[in-house]
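As structure tokens, the structure follows; a few thoughts come after it.
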Amino acid sequence: MTAVQTPSTRHAPPAVSGPAGGMGPDAGPAAPATGGTALVAQGVSLGYQGRPVVEGLDLAVPRGQVTAVVGPNGCGKSTVLRGLARLLRPTAGQVLLDGRDLHRMPTRQVAREVGLLPQSPVVPDGITVAELVSRGRHPHRGLLRQWTRDDDRVVAEALAVTGTEDLAGREVDQLSGGQRQRVWIAMVLAQRTGLLLLDEPTSFLDIAHQVEVLDLVRDLSTQQGTTVVMVLHDLAMAARYADHLVAVREGRIAAQGAPRAVVTAETVEQVFGVRCRVRWEEPDGDLTVVPVGRHRSTSARPGAAARPGAAATATTAGGAS
Amino acid sequence: MTTLGTTTAATRPAGPATAPPGDPGLPARVRARTRRRSGLVLTALVTGWLAAFLVRVLLGDFTITVPDALRIVTGTEIPGASFILMESKLPRALAGTCAGLALGASGATFQAMARNPLASPDVLGITMGSSAAAVFTLVVLGGSGPAVTVAALAGGAAVAAAILLLSGAAAGAAPYRMILTGVALAAMLTSVVHWVLLTADVYRAHEAMVWLTGSLTGVRWAEIGRMALVVAVALPLLAAVASRLRLVELGDDLAHGLGVPPRQVRAQAMGLVVVLTATATAVCGPIAFVAFLAGPIARRLLGGHTSIPAAAVVGAVIVVVADYLAAYALPGTNLPVGVVTGLAGAPFLLWLLVSTRPSRQEAA
Amino acid sequence: MTTLTGTPPRVRWTAGLIGLAVLAVCAGLSVAVGARTLPPADVLQGLAPLLGGDGTGSPTESIVRARADRTVIGVLVGVAVALSGAAMQGLTRNPLADPGLLGVNAGAALAIVLGIQAGILGGASGYVWFAMLGGVLAAAVVYGVASLGPAGPQPLTMTLTGAALTAGVTSVVAGVLVTNDGALEVFRFWQVGSIAGRSVELVTGVAPVLLAGLLIVALSGPVLNATALGEDLERALGQRTLLARGVVALGAVALAASAVALAGPIAFVGLVVPHLVRLVTGPDYRRVLLGSALVGPVLVLATDVLGRVVSPPSEVQVGIMTAVLGAPALILLVRRTAMR
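Structure, rendered in structure tokens:
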């Protein structure tokens with residue numbers, strides 16, 4: 014597997030072995046292995062107002078793992094996620110959640126099993142972190158079922174997991190981008206679903222905050238067995254943090270599988286249209302993707318001193334998408 | 005950070021690695037803090053309303069003592085005082101309260117829905133729809149009473165439906181479309197009202213004009229009863245919808261993700277807004293700025309939280325106080341309450357705009 | 018290729034000529050059509066004395082005369098409102114700017130009502146100064162208030178401020194009218210916005226303001242083009258047009274106020290016309306202004322004529338007609354533009 018080098022002292026278990034789907038009520042104890050799929054798309058076509066964007070999508074999301082959907086701008090990767098999240102009704106095919114047709118399930122039931130963080134959620138004025146995270150409990154509340162200690166416990170746990178406890182009383186619109194994104198993730202966690210769909214969770218964040226958020230995603234998967242599907246535009250980040258990569262190009266899947274199988278010079282050129290050199294660093298399995306454009310900086314020419322910061326190139330490489 | 009062997013919520017099977025349990029008291033404490041403030045503010049508001057109500061009923065150019073007032077209300081006849089209390093002061097105070105509650109609550113709801121503090125039923129033409137229909141009924145059809153109420157309801161509903169349909173809000177469009185569609189409809193209906201006024205004879209035009217200004221003069225007990233009934237039914241319903249509207253506030257996609265269909269919630273909220281606004285408008289006319297201001301004022305008092313009950317009470321306070329001023333501020337003239345709220349509204353609008361914090365909600 | 022330079026010159030010229038022809042047709046219709054529609058021969062005969070020929074004193078002649086006055090006022094109002102709208106849209110970089118939407122009409126209305134109330138308004142020609150004063154004040158308040166917001170004067174904030182101001186002012190106006198039946202009787206005829214029954218003498222009262230406004234706005238193309246670039250770019254290009262912009266703003270309000278004084282509030286024309294024109298001319302404000310001056314009167318005359326035939330024997334005033342037809346246009350505009 015792709016080893017995850019977390020900057021903190023957290024110790025993730027070396028392998029994710031069957032946490033039984035983690036926390037969702039859908040996670041039957043009968044599924045002990047990581048194997049199996051949580052969400053399956055079969056021949057799904059999606060579009061807006063009759064304009065097809067994604068066609069014939071076949072996709073299997075492995076349970077308990079992190080799946081990243083990558084691709085160039087406008088390739089339809091967000092549309093794929095919207096289809097999986099039930100925001101878009103497929104014009105053909107079906108999406109199955111544990112074998113059930115997602116679009117035939119009651120809305121509230123889906124909300125109890127699938128958590129969704131869209132790209133640009135709206136922060137209401139003056140809302141505190143604790144209050145925002147509490148809103149994630151909505152699917153579990155009914156007309157008669159009021160707020161309970163249990164809800165409090167779940168919210169507190171979501172705050173703790175995302176490291177936002179200290180922020181609980183603060184107003185969300187006063188937080189930094191990274192903090193705010195963690196709060197949003199806490200809100201989706203409070204929903205207590207075994208499956209999380211994240212649409213570009215790192216967009217508009219600087220590199221430190223990107224790492225912060227993706228480390229959190231990784232932790233969720235390894236520690237809680239949460240299945241995560243996220244759209245990322247940064248190929249290097251995706252390869253570093255995901256177990257399973259799905260590369261999308263012009264509304265179709267160009268390649269999917271383990272990052273090492275997917276990220277090759279050929280697929281990168283095919284998907285992103287950029288020639289590049291791909292190198293997997295041993296022993297930690299870091300990926301370096303260096304685009305081969307027409308130019309390079311003078312300091313990086315053979316004459317100049319070779320700089321050790323190849324990993325820095327790696328992260329900017331995907332950003333070129 | 006990772007602790008072992010914790011048993012957390014019963015809802016969750018313990019995995020091999022468990023998350024930190026967090027402090028279950030923490031969210032409760034944060035909530036308690038905001039709740040304390042809400043409770044305090046709401047109590048203060050209700051007290052303020054009560055004070056305004058008593059002042060409106062007891063003081064003015066004809067003072068009635070509390071014991072006298074109690075005796076009158078329980079059926080004793082006191083010459084002079086009885087008539088003034090039962091035919092002018094008390095009905096006006098009650099009508100003002102009901103209308104204020106209705107307008108305040110619907111304004112706050114609408115602002116939350118449009119995600120813009122400047123959008124309210126009176127700015128966006130829903131009130132104007134009620135007005136146009138009511139004026140048409142008053143002037144052209146010569147109707148009155150219940151007919152005007154029905155017309156106002158129909159007019160308001162028509163505009164609300166038009167806003168939802170034309171702006172594509174039914175399909176989840178950006179709030180700005182909703183707002184601008186409303187502004188367009190408001191401008192159109194204003195000129196329709198002007199035209200109706202023009203075609204009427206002067207007497208009718210004057211009558212319509214008084215009504216258009218928003219006035220509590222001459223409200224009848226039957227009208228107050230109708231209004232009170234609607235408010236009593238619609239306000240709790242609105243509070244129920246508001247809890248789901250809070251999720252729609254987070255954006256349509258996220259609301260979907262949380263199992264709340266935004267379209268449906270918007271339609272329900274809009275329906276209740278129309279019923280409340282139109283009922284108040286039918287009885288008292290379009291009292292300017294109450295719906296517009298109640299929500300933001302309540303929000304300021306609560307430190308940024310949207311609270312529909314608080315907004316409703318703020319509305320009631322505004323109307324009752326404004327009506328007192330309208331009746332007694334200029335000796336000898338009995339101004340319609342709408343003139344006072346209209347005049348007072350402008351500086352408030354200024355204050356609101358100046359003190360509104362920048363928000364990212366425009367990105368929606 | 019159309020994005021940078023607008024449409025090719027040939028198309029522009031053709032469009033201009035067609036516009037002129039349509040204006041002529043509208044003017045002709047405006048004189049001919051009405052409660053009593055006249056055949057072309059009668060129109061020409063009736064126009065003869067106006068053009069210096071011999072009058073016969075026939076009733077046809079007086080009808081033609083009245084309608085000719087009305088047409089002239091319609092043209093002036095159309096030009097003024099459309100130019101004012103185009104200039105306001107350019108100055109505020111707000112595609113929704115319009116004298117009506119931004120509260121100028123409401124301010125003018127309030128000033129006029131207060132003038133009537135105080136008894137210091139000497140007939141309709143006195144309206145213009147009050148309208149001007151009220152309009153300038155309202156425009157300043159709306160722009161100022163909208164600018165006070167943290168994000169600066171956003172189109173949406175500005176429109177809402179205008180709408181809010183209009184709502185408040187309307188209720189104050191109503192409050193005054195309630196206490197004064199005489200004012201109501203005068204004012205309710207004014208507030209619908211009509212070009213009928215206004216004498217050409219009114220024009221002479223308004224003329225200085227109107228001409229000054231016309232002159233300023235007609236020459237404001239370069240200023241508006243510079244403004245359209247945005248403040249940062251404008252500064253980077255070394256243009257400081259603050260003063261010039263202030264003058265243009267005054268000119269735009271002067272035009273709006275003269276139109277209000279002449280005809281009462283005419284809604285939406287100032288909003289819609291520049292957008293229609295831009296479809297042909299592209300974004301260059303020199304051409305937008307020119308086109309607006311042509312299309313504005315066409316729209317006013319056309320809707321006025323429509324108002325005469327829509328419910329005979331009575332007429333629907335042009336202000337009502339433009340509001341009823343203009344609202345859908347605004348909604349359409351909002352649906353098409355991705356703006357916040």
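Chains as they are written, first to last, in this note's numbering: chain A, 14 to 334; chain B, 5 to 368; chain C, 18 to 357.
For glycine and all other residues, C-beta sits at the position ideal for the given N, C-alpha and C.
Classification of A:V174 by the beta-carbon crowding that lies within 10 angstroms, buried from 16 upward: Taking all protein chains in view, the Cβ of A:V174 is crowded by 16 or more other Cβ atoms within 10 Å, so the residue is classified as buried.
Whole angstroms is fine: what's the gap from A:P65's alpha carbon to A:R117's? Rounded to the nearest angstrom, the two C-alpha atoms are 22 Å apart.
Three-state secondary structure assigned by DSSP to A:C289: In the structure shown, A:C289 sits in a strand (DSSP, three-state: E or B).
Using only the alpha-carbon positions, how far apart do C:V186 and B:G108 sit? When rounded, the distance between both Cα atoms is 20 Å.
Chain A contacts from the segment 254-278 of chain B (Cβ-Cβ distance under 8 Å): Within the segment 254-278 of chain B, the residues whose Cβ lies closer than 8 Å to some Cβ of chain A are L254, G255, D257, L258, H260, G261, L262, G263, V264, P265, listed in chain order.
From C:A235, C:G281, C:A284, C:L323, pick the residue whose C-alpha is nearest to that of C:V265; which is it? C:V265 has its Cα closest to that of C:A235, out of C:A235, C:G281, C:A284, C:L323.
What do you reckon, are the CB atoms on C:A99 and C:S309 nearer than 8 Å? It is a contact, given that the beta carbons lie within the stated cut-off.
How big is the Cα-Cα spacing for C:P25 and C:L260? Answer to the nearest angstrom: the Cα atoms are 33 Å apart.
Rounded to the nearest angstrom, what separates C:V96 and C:V312 at their Cα positions? So the alpha carbons of these two residues sit roughly 8 Å apart.
In or out: A:F217 buried (at least 16 other Cβ within 10 Å) or exposed? Per the 10 Å Cβ criterion, exposed.
Taking Cβ-Cβ distances below 7 Å as the criterion, which residues of the segment 217-228 of chain B are in contact with chain C? Listed by position along the chain: T217, G218.
Would B:P31 count as contacting chain A if we go by Cβ distances under 8 Å? Judged by the 8 Å Cβ criterion, B:P31 is in contact with chain A.
Consult DSSP for C:C313 and reduce its assignment to one of helix, strand or coil. Position check: residue 313 of chain C holds Gly in this sequence, whereas Cys was assumed. Of the three classes helix, strand and coil, the one that applies to C:G313 here is helix, per DSSP.
Which value, in whole angstroms, describes the spacing of the CA atoms of B:L168 and B:A348? If you take the alpha carbons of B:L168 and B:A348, they lie about 31 Å apart.
For B:S124, name the three-state secondary structure that DSSP assigns. In the three-state reduction of the DSSP assignment, B:S124 falls in the coil class.
Quick check on DSSP: helix, strand or coil for B:S247? If DSSP states are grouped into helix, strand and coil, B:S247 belongs with the helices.
Step through the CB atoms of chain B and report whether any lies within less than 8 Å of the CB of A:E282. No - not a single Cβ of chain B is within 8 Å of the one on A:E282.
Contact list for B:R41 against chain A, beta-carbon separation under 9 Å: Within 9 Å Cβ-Cβ: nothing; B:R41 doesn't reach chain A, min ~11 Å.
Verify the CB distance criterion: does A:R265 have a CB-CB separation below 8 Å to chain B? Taking Cβ atoms only, chain B never reaches closer than 8 Å to A:R265, which makes this a no.
Please confirm whether A:V176 and A:H222 have their CB atoms less than 8 Å apart. For clarity, residue 176 of chain A is Gly in the given sequence; the question names Val instead. No.
DSSP bridge partner residues for A:V259 (one or two, in chain order): DSSP, once it has assigned bridges, lists A:V82, A:Q269 as partnering A:V259.
For B:L262, which of helix, strand or coil comes out of DSSP? In the three-state scheme derived from DSSP, where H, G and I count as helix and E and B as strand, B:L262 is classed as coil.
Could you check what DSSP says for B:M132 in three-state terms: helix, strand or coil? The answer is helix: DSSP assigns B:M132 an H, G or I state.
Whose CA, out of B:L262, B:R267, B:A243, B:M231, lies closest to the CA of B:V102? Note on identity: in this sequence residue 102 of chain B is Cys, with Val being the wrong assignment. It is B:M231 whose Cα lies nearest to the Cα of B:C102.
Quick one: what does DSSP say A:T92 is sitting in, helix, strand or coil? In the displayed model, A:T92 falls within a helix according to three-state DSSP.
Measure the C-alpha to C-alpha separation of C:V226 and C:I133 and round it to an integer number of angstroms. C:V226 and C:I133 have their C-alpha atoms some 21 Å from each other.
Near-chain C residues of the segment 199-211 of chain B (beta-carbon distance less than 7 Å), N- to C-terminal order: Answer set for the segment 199-211 of chain B: W199, L201, L202, V206, A209, H210.
Could you name the residues of chain B that A:H222 contacts, counting a contact when the two beta carbons are closer than 8 Å? Correct list: empty, because the minimum Cβ distance to chain B is about 17 Å.
Does the beta carbon of B:R60 come closer than 8 Å to any beta carbon on chain A? B:R60 does not count as touching chain A.
Backbone secondary structure at A:G37 - three-state DSSP: Because the pLDDT of A:G37 is 38, which lies under 50, any placement of that residue in the model is unreliable, and the number read from its coordinates should be weighed accordingly. Shown here, A:G37 sits in coil according to DSSP, grouped into three states, outside any helix or strand.
Cα-Cα, which of B:V45, B:V143, B:A32, B:V61 is closest to B:I312? Of the candidates B:V45, B:V143, B:A32, B:V61, B:V45 places its Cα closest to the Cα of B:I312.
Is it a yes or a no for the segment 90-109 of chain A touching the segment 245-253 of chain B, going by three-plus beta-carbon pairs under 8 Å? No, the segment 90-109 of chain A does not touch the segment 245-253 of chain B.
If we call anything under 8 Å between Cβ atoms a contact, is B:F296 one with C:A163? Their beta carbons are not under 8 Å apart, which means B:F296 does not touch C:A163 by this criterion.
Would you say A:H257 and A:G238 are within 8 Å of each other, going by their C-beta atoms? Cβ atoms of A:H257 and A:G238: not closer than 8 Å.
Contained alpha helix (DSSP H) runs [length at least 4] in the segment 277-344 of chain B, N- to C-terminal order: Within the segment 277-344 of chain B, the complete alpha helix (DSSP H) runs of at least 4 residues are 294-305, 312-332.
Residues of chain B with CB under 9 Å from C:R205, in chain order? Those are H198, L201, L202, A204, V206, A209, M213, listed as they occur along chain B.
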